[in-house]
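Residue numbers for the sequence shown follow my numbering, so the first one is 46 and each next one is one higher.
All C-beta atoms in this analysis are idealised placements derived from N, C-alpha and C, irrespective of residue type, glycine included.
Let me begin by presenting the structure, written as C-alpha cells, before commenting on it.
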Amino acid sequence: MEMQFVKSQVDRILSLPVSFSEQEMCSKMLSLVDLTSLDGTDTQQKINDLCQKAILYKTAAVCVYPYYARQVKESLAGSGIQTACVAGGFPASQLPLDVKLNEVGRALADGADEIDMVISQGAFLEGDYKRVGDEIRAIKDLCGKKHLKVILETGNLQNPGNIEKASCIAIDNGADFIKTSTGKTAVSATLEAFYVMLEVIKRYAAQGTIVGIKPAGGISTVAAAIPYYKMVYAVLGEKWMNPCLFRIGASRLADALKEASAAG
Numbered sequence: 046m047e048m049q050f051v052k053s054q055v056d057r058i059l060s061l062p063v064s065f066s067e068q069e070m071c072s073k074m075l076s077l078v079d080l081t082s083l084d085g086t087d088t089q090q091k092i093n094d095l096c097q098k099a100i101l102y103k104t105a106a107v108c109v110y111p112y113y114a115r116q117v118k119e120s121l122a123g124s125g126i127q128t129a130c131v132a133g134g135f136p137a138s139q140l141p142l143d144v145k146l147n148e149v150g151r152a153l154a155d156g157a158d159e160i161d162m163v164i165s166q167g168a169f170l171e172g173d174y175k176r177v178g179d180e181i182r183a184i185k186d187l188c189g190k191k192h193l194k195v196i197l198e199t200g201n202l203q204n205p206g207n208i209e210k211a212s213c214i215a216i217d218n219g220a221d222f223i224k225t226s227t228g229k230t231a232v233s234a235t236l237e238a239f240y241v242m243l244e245v246i247k248r249y250a251a252q253g254t255i256v257g258i259k260p261a262g263g264i265s266t267v268a269a270a271i272p273y274y275k276m277v278y279a280v281l282g283e284k285w286m287n288p289c290l291f292r293i294g295a296s297r298l299a300d301a302l303k304e305a306s307a308a309g
C-alpha cells in the first residue's frame, strides 16, 4: 500500500456518517480499555488504585509489568476484568528468546490472562522475518489458550508495506490481537498504520481467521480515540465491537471516556 492511498482511505472512512452519538461511543470504548500503567515509578499503591478504577469503570483489562501480575490478579478477582502483562523484553524486545520466554512464563504463572509482547523490530528491519515469526510462535505456544497481543511498534516500521508484512507475520504465527505501539517511542499509534492493520485483519477474516486489534500509545483524549472506533466499525463491522476483538490501550483516556459517557 502507498501512503497516499492509505491517507485517502482514512479520510474517506472518517467522513462517513455514523448512527451513534459521541456519548454512546465513549460508553462503549470505556468497556474496551486496557487500563494501563507502565512506568518506572509504579508502586503497589498506584497499581492498587489502578485496579480499583478499572473495577469502577468496568474496563476490559488492567495492563502492567509482570512484577505486579499477582497483585493485579488478586485485586481483580471476581470482577471479570482481565490481568494483562507486557512481557518478553518490553518495550525494545532486545533480549534472547530464552530470557523472553522466562519472563512470559513468570507472568503467566503469577496470574496473567493476557500477554502483550513486542516483535523484534531490528530483526524485521534487517529482513530476518523467520526470527520474528519464530519468536511470536514460541511465546504463543507458551501462552496456550491465553491471549497473545503482538505489538508491531508501527512507528518504527517506516512504511505501510512493512506494517502490512509485520501484521501478516504476527497473525500467521498465532497472534490473537495485533497492536500498534508500546507508547515508548517517538511515533506511537497513527490512524494510517491502524488502517493498514485493519485491512490485513479483514483479509484474514475472509479466509476464516479472526484476530483482534488494539491501538495504543498517545491516545489520551476523546477526540483522539473516536476515529479509531469509527475505523474499526467501518472496516470490520459490528462483530469486532467488543472486548474479545477490540481493545484500546489507555491511561489518561479512561477518565475522559468516563466523563463523556456520563454527560448529558
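1) Cβ atoms of Ile-258 and Leu-243: under 8 Å apart, would you say?
2) What separation, rounded to the nearest whole angstrom, lies between the Cα atoms of Thr-227 and Leu-193?
3) Exposed or buried, which one is Leu-61 when buried takes at least 16 other CB atoms within 10 Å?
4) Let me check understanding here. Comparing Cα to Cα, which of Thr-86, Met-286 and Gly-125 lies closest to Leu-101?
5) Please return the same chain residues whose Cβ sits closer than 6 Å to the Cβ of Cys-188, not counting the five positions on each side in sequence.
6) Check whether the segment 297-305 and the segment 71-79 are in contact - that is, three or more C-beta pairs closer than 8 Å.
7) By how many angstroms is the C-alpha of Ala-234 removed from the C-alpha of Lys-247?
8) Beta carbon of Val-117, beta carbon of Tyr-240: below 8 Å?
9) I'd like to know whether the C-beta atoms of Asp-158 and Lys-191 end up nearer to each other than 8 Å.
10) So the alpha helix (DSSP H) Leu-153 belongs to, where does it begin and stop?
11) Give the DSSP-derived three-state secondary structure of Glu-159 in the structure shown.
12) Quick check on the DSSP output: what are the complete alpha helix (DSSP H) runs of length 4 or more inside the segment 56-101, in order along the chain?
13) Going by alpha carbons, who is nearest to Lys-73 out of Lys-103, Gly-85, Ser-82 and Lys-91?
14) Report, in whole angstroms, the separation of the C-beta atoms of Pro-272 and Ile-293, which I expect to be a contact under 8 Å.
15) Quick one: any contact between the segment 172-188 and the segment 208-227, if contact means 3 or more CB pairs under 8 Å?
16) By the three-class DSSP mapping on this structure, what secondary structure does Lys-118 have?
17) Express the C-alpha separation of Arg-57 and Arg-176 in angstroms, rounding to a whole number.
18) My assumption, with CB atoms under 8 Å, is that Val-163 sits in contact with Pro-136. Please give the rounded CB distance.
19) Can the beta-carbon of Cys-289 be found closer than 8 Å to that of Val-245?
Based on what the coordinates show:
1) For the purposes of this step, residue 243 is identified with residue 198 of the sequence shown, where counting begins at 1. For the purposes of this step, residue 258 is identified with residue 213 of the sequence shown, where counting begins at 1. At the C-beta level, Leu-243 and Ile-258 come within 8 Å of one another.
2) Within the sequence shown, the letter at position 182 stands for residue 227. Within the sequence shown, the letter at position 148 stands for residue 193. Each residue's Cα considered, the two are about 15 Å apart.
3) Here residue 61 refers to the residue found at position 16 of the sequence shown. Looking at its Cβ environment, which holds fewer than 16 other Cβ atoms inside 10 Å, Leu-61 is exposed.
4) On the sequence shown, position 56 is the one that residue 101 refers to. Leu-101 has its Cα closest to that of Gly-125, out of Thr-86, Met-286 and Gly-125.
5) Position 143 of the sequence shown, counted from the start, is the residue given in the question as residue 188. For Cys-188, where only same-chain residues beyond five positions count, the Cβ hits under 6 Å are Ile-160.
6) Contact holds: three or more Cβ-Cβ distances are below 8 Å.
7) Working through the sequence shown from its first residue, we reach residue 247 at position 202. Working through the sequence shown from its first residue, we reach residue 234 at position 189. Their backbone Cα atoms lie some 19 Å apart in a straight line.
8) Position 72 of the sequence shown, counted from the first residue, corresponds to residue 117. Position 195 of the sequence shown, counted from the first residue, corresponds to residue 240. Cβ atoms of Val-117 and Tyr-240: not closer than 8 Å.
9) The residue given as residue 158 occupies position 113 in the sequence shown. The residue given as residue 191 occupies position 146 in the sequence shown. Yes, these two residues count as a Cβ contact at 8 Å.
10) Walking along the sequence shown from the start, residue 153 turns up at place 108. Bounds of the alpha helix (DSSP H) holding Leu-153 are 142-154.
11) Here residue 159 corresponds to residue number 114 of the sequence shown, with the count starting at 1. Reduced to three states, the DSSP call for Glu-159 is strand.
12) Listed in chain order, the complete alpha helix (DSSP H) runs (minimum 4 residues) inside the segment 56-101 are 67-75.
13) Looking up residue 73 in the sequence shown gives position 28. Closest in C-alpha terms to Lys-73, from the list Lys-103, Gly-85, Ser-82 and Lys-91, comes Lys-103.
14) The residue labelled residue 272 in the question sits at position 227 within the sequence shown. The residue labelled residue 293 in the question sits at position 248 within the sequence shown. About 12 Å; that fails the 8 Å criterion.
15) The segment 172-188 is in contact with the segment 208-227.
16) As a first step, residue 118 is located in the sequence shown; it is residue number 73 there, counting from the start. Residue state, collapsed to three classes: helix.
17) Indexing the sequence shown from 1 puts residue 176 at position 131. Indexing the sequence shown from 1 puts residue 57 at position 12. Cα-Cα distance, rounded: 37 Å.
18) Sequence index remark: in the sequence shown, residue 163 carries index 118 (1-based). Sequence index remark: in the sequence shown, residue 136 carries index 91 (1-based). Yes, Val-163 and Pro-136 are in contact; Cβ-Cβ is about 6 Å, under 8 Å.
19) In the sequence shown, the residue the question calls residue 289 occupies position 244. In the sequence shown, the residue the question calls residue 245 occupies position 200. For Cys-289 and Val-245, no; Cβs fall outside 8 Å.
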